[in-house]
Structure formats: structure tokens, C-alpha cells
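Peer 1: Here the protein sequences come in this chain order: A and B. Residues 1 to 119 (the working numbering) are what the first sequence spells out, left to right. Residues 1001 to 1119 (the working numbering) are what the second sequence spells out, left to right. Before anything else, here's the structure in question.
Protein chains: 2
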Amino acid sequence: MEKSNAVAALAALAQDNRLDVYRLLVQAGPDGLPAGQVAAALKLAPNTLTFHFDRLRGAGLVSVRRDGRSMIYAARYDTMNALLDYLTENCCQGRAGQCLPAARTKRTPATARRKEPAT
Amino acid sequence: MEKSNAVAALAALAQDNRLDVYRLLVQAGPDGLPAGQVAAALKLAPNTLTFHFDRLRGAGLVSVRRDGRSMIYAARYDTMNALLDYLTENCCQGRAGQCLPAARTKRTPATARRKEPAT
DNA sequence: ATAATAATTCTATATTCGTTGAAATATGGA
DNA sequence: TCCATATTTCAACGAATATAGAATTATTAT
Chain A
1 MEKSNAVAAL AALAQDNRLD VYRLLVQAGP DGLPAGQVAA ALKLAPNTLT
51 FHFDRLRGAG LVSVRRDGRS MIYAARYDTM NALLDYLTEN CCQGRAGQCL
101 PAARTKRTPA TARRKEPAT
Chain B
1001 MEKSNAVAAL AALAQDNRLD VYRLLVQAGP DGLPAGQVAA ALKLAPNTLT
1051 FHFDRLRGAG LVSVRRDGRS MIYAARYDTM NALLDYLTEN CCQGRAGQCL
1101 PAARTKRTPA TARRKEPAT
């Protein structure tokens, strides 16, 4: 993932309603949800929701397909994984958990994250 | 990490210059860097930089201390780790790598991430 | 005290963002 | 065809964002 894509994904997730939308879609699974169902669940106006969907889609975080008169939005998990990798590699020196000597926090023991040595 | 903190951290990182600043600080290590050095490295006006530092600090991503007439900014790795955990738990159903049946991507084998079962 | 250095605060401005209300488009059913 | 449903498009608006210039504060040295 490139920096500009990471910034786009971060910006897309950096908004209350949009984060809710995205989380709902992740929860919903690969089949996604019709826009109306998301609107109902989160009490968002349909036009407002379209706006947010556009952002998420622009960042590659969701996909859409039409089913009858409904638009089905689904989370694109690959993008989130790429973002996590980007943040880990670029913003955690390759290792989360205890990034550098400094990070001495109440970390759970199972969250180590590393990158395989370059080929 | 709470949702509002996650949104704040995401927003703080969702800006080109700020992401650069943060990455530079992470690279610099726990001792941090004087503001002026960051300004020079990234060619940012000192007042603009203060603005961005404020955001990063507000999101808990950096800390400051004074050293003589310099302000030393340093990355707070714990917050980034908390953010990664938040995204993994809340936006990846607890497992990155292959979040759900869907995510069939060119994933490296070493990036599994999980959360210990609740106490 | 004066001057120089380092960074912040203040003011202004152009841009982007999130939301709303009204109108338009697309699909499916009677 | 006419109508209802589902969603998008458009125009408008206040709020927040990113940047720049000028002035200010804090620290150190002379």
C-alpha cells in the first residue's frame, strides 16, 4: 500500500458515522448489506449515507453491487489488512507490541506483529 | 482504546504532512526530535508544524518536553499499538490476515494478529 | 539589558467536510 | 403505464482544516 492510499483509508475511517458504517459492514460479513439497512441501523439519512459510502469506496474500503433496487455495500477486508500492514511497517518500525525500547505498556502477550525479512 | 480516541488518532494520521511528521518521530526513536529539526527535515514552516504537532499531541500520538529553547517531540508508541489493536479488534473481527472468509489476498504468512479470550 | 534563537500564538483565508432538503434516477410490481 | 421503493445527485450552508504572515513568548548568550 502506498502512502496516499494509506492517508485516504485513514481519512475515510476518521469520522464517527463512517467508522460505524464500516464496522457494521465488517460485522455483516462478505455478503454486505443493502444501503437502506445500514441507514436504518445507524439512523442516517440516505443521502448522507451515500456521501459516506462514496468516501469509503474511494478509499477502497468498501465495494458495491446492485441487487434489484438495493445497493449492497460490503467491506473490503484486504484494504484494511493492507492498512494495518502499512501502519505496522511504516509507523511501528516493523514491530507492533513493543515498537521500540520505549513502548512499555500493558500489552497483551499475543499481539506481536512482524514482517518477514525481504526476499 | 475508545472509539473517540481511535477516530482522533486516525484523523491525526490522515494528513500527508502529519503522517510524515509522525513517521519521522517514530524513526527518530524514543528520545524524539526538536521541532526545528523536524521542520528542517520536512521543510515545514514552524507555525504550521506547531499546528500539526498539536493535533498529534491531542490524539496522544506524540509527547513533548522542553530542552533549553527547543521543544522535543517524541512518538508515543503505545498509542499506535492501541490503535492497531482497536482496528484489528473492531474492524477486522479480531483477526487480521484473513479477516473473514472473504479476504483472499497476497498476505504474508507472518502477520496474524489475535486477541486473547476475555478474562 | 540587549540581542539572537526556537517555538508558539494570533489573525486571516482558501479549501474541504458533514449534513440537510429537494429533485432526480433506477428498479420492480400492480 | 402508473406507482411505490431504494438510492443517488444537486445546491446550499455552517463547521472544521491546512497554511501563511506578523507578532509574541521563552530561553540562552553577550
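For glycine and all other residues, C-beta sits at the position ideal for the given N, C-alpha and C.
#1: Would you call the region 1009-1018 of chain B and the region 1033-1053 of chain B touching, i.e. three or more CB-CB distances under 8 Å?
#2: So, are the CB atoms of A:V62 and A:A75 less than 7 Å apart?
#3: Residues in its own chain within less than 7 Å of B:L1044 by CB, not counting five upstream and five downstream?
#4: Could you compute how far the alpha carbon of A:A60 sits from the alpha carbon of B:A1041?
#5: Using alpha carbons as the reference points, say which of A:Q27, A:I72, A:Y86, A:E89 lies closest to B:E1089.
#6: Check whether the Cβ atoms of A:M71 and A:A35 sit closer than 7 Å, and answer yes or no.
#7: Judging by CA-CA distance, which residue of B:L1024, B:P1046, B:A1006 is the nearest neighbour of A:Q93?
#8: Could you list which residues in chain A have their beta carbon closer than 8 Å to that of B:Q1037, in chain order?
#9: List, in chain order, every chain B residue whose beta-carbon is nearer than 8 Å to that of A:K3.
#10: List the residues of chain B whose Cβ lies closer than 7 Å to the Cβ of A:A11, in chain order.
#11: Between the beta-carbon of B:V1007 and the beta-carbon of B:V1021, is there less than 7 Å?
#12: For A:V64, return the contacting residues in chain B, with the cut-off set at a CB-CB distance below 9 Å.
#13: Among B:Y1073, B:P1030, B:L1087, which residue has its Cα nearest to the Cα of B:R1057?
#14: For B:D1078, count neighbouring Cβ atoms within 10 angstroms of its own Cβ and tell me buried if that reaches 16, exposed if not.
#15: Which one or two residues does DSSP pair with B:P1046 in a beta bridge?
#16: Between A:R114 and B:L1084, what straight-line distance do the alpha-carbon atoms span, to the nearest angstrom?
#17: In whole angstroms, give me the CA-to-CA distance for B:N1047 and B:P1030.
#18: What do you get for A:G32, buried or exposed, if any count of 16 or more other CB atoms within 10 angstroms of its CB means buried?
#19: Assuming B:L1087 contacts A:K3 under a Cβ cut-off of 8 Å, what Cβ separation, rounded to an integer in Å, is found between them?
#20: Does the CB of B:R1023 have a neighbour CB from chain A at under 7 Å?
#21: Check for me: the beta strand (DSSP E) holding B:A1075 runs from which residue to which?
#22: Locate the beta strand (DSSP E) running through B:D1067, then write down its first and last residues.
Peer 2: Put simply:
#1: yes
#2: Taking the first residue of the first sequence as 1, we reach residue 62 of chain A at position 62. Taking the first residue of the first sequence as 1, we reach residue 75 of chain A at position 75. Yes. Within cutoff.
#3: By one-based count along the second sequence, residue 1044 of chain B stands at place 44. For B:L1044, where only same-chain residues beyond five positions count, the Cβ hits under 7 Å are N1017.
#4: On the first sequence, position 60 is the one that residue 60 of chain A refers to. On the second sequence, position 41 is the one that residue 1041 of chain B refers to. According to the sequence shown, residue 60 of chain A is Gly rather than Ala. For A:G60 and B:A1041, the distance between alpha carbons rounds to 31 Å.
#5: Translated into positions along the second sequence, residue 1089 of chain B becomes position 89. Cα-wise, what sits closest to B:E1089 is A:Q27.
#6: In the first sequence, residue 71 of chain A corresponds to position 71, counting from 1. In the first sequence, residue 35 of chain A corresponds to position 35, counting from 1. Yes. Within cutoff.
#7: Numbered from its first residue, the first sequence carries residue 93 of chain A at position 93. Comparing Cα positions, the closest option is B:L1024.
#8: For the purposes of this step, residue 1037 of chain B is identified with residue 37 of the second sequence, where counting begins at 1. Ordered by position in chain A, no residue passes the 8 Å Cβ test against B:Q1037, which lies about 18 Å from the chain.
#9: Position 3 of the first sequence, counted from the first residue, corresponds to residue 3 of chain A. Under the 8 Å cutoff, chain B gives D1016, L1019.
#10: Residue numbering aside, residue 11 of chain A sits at position 11 when the first sequence is read from its first letter. Going along chain B in sequence order, the residues near A:A11 (Cβ under 7 Å) are A1014.
#11: Translated into positions along the second sequence, residue 1007 of chain B becomes position 7. Translated into positions along the second sequence, residue 1021 of chain B becomes position 21. No, these two residues do not count as a Cβ contact at 7 Å.
#12: The count along the first sequence starts at 1 and reaches residue 64 of chain A at position 64. Result: empty, since nearest Cβ-Cβ is about 15 Å, beyond 9 Å.
#13: Walking along the second sequence from the start, residue 1057 of chain B turns up at place 57. For B:R1057, the nearest C-alpha among the options comes from B:Y1073.
#14: Taking the second sequence and counting its residues from 1, one reaches residue 1078 of chain B at position 78. Looking at its Cβ environment, which holds 16 or more other Cβ atoms inside 10 Å, B:D1078 is buried.
#15: For the purposes of this step, residue 1046 of chain B is taken as the residue at position 46 of the second sequence. According to DSSP, which records beta bridges pairwise, B:P1046 is partnered with nothing at all.
#16: As a working mapping, residue 114 of chain A is identified with position 114 in the first sequence. As a working mapping, residue 1084 of chain B is identified with position 84 in the second sequence. The predicted model places A:R114 with a pLDDT of 40, which falls under 50 and marks its position as unreliable; any figure quoted below should be read in that light. So the alpha carbons of these two residues sit roughly 13 Å apart.
#17: By one-based count along the second sequence, residue 1047 of chain B stands at place 47. By one-based count along the second sequence, residue 1030 of chain B stands at place 30. When rounded, the distance between both Cα atoms is 24 Å.
#18: Here residue 32 of chain A corresponds to residue number 32 of the first sequence, with the count starting at 1. Its Cβ being crowded by 16 or more others within 10 Å, A:G32 is buried.
#19: For the purposes of this step, residue 1087 of chain B is identified with residue 87 of the second sequence, where counting begins at 1. For the purposes of this step, residue 3 of chain A is identified with residue 3 of the first sequence, where counting begins at 1. That belief does not hold up - the Cβ atoms of B:L1087 and A:K3 are roughly 18 Å apart, past 8 Å.
#20: Working through the second sequence from its first residue, we reach residue 1023 of chain B at position 23. Answer yes: the Cβ-Cβ gap between B:R1023 and chain A drops below 7 Å somewhere.
#21: Looking up residue 1075 of chain B in the second sequence gives position 75. From DSSP, the beta strand (DSSP E) with B:A1075 extends over 1070-1075.
#22: Taking the first residue of the second sequence as 1, we reach residue 1067 of chain B at position 67. Here the beta strand (DSSP E) through B:D1067 covers 1062-1067.
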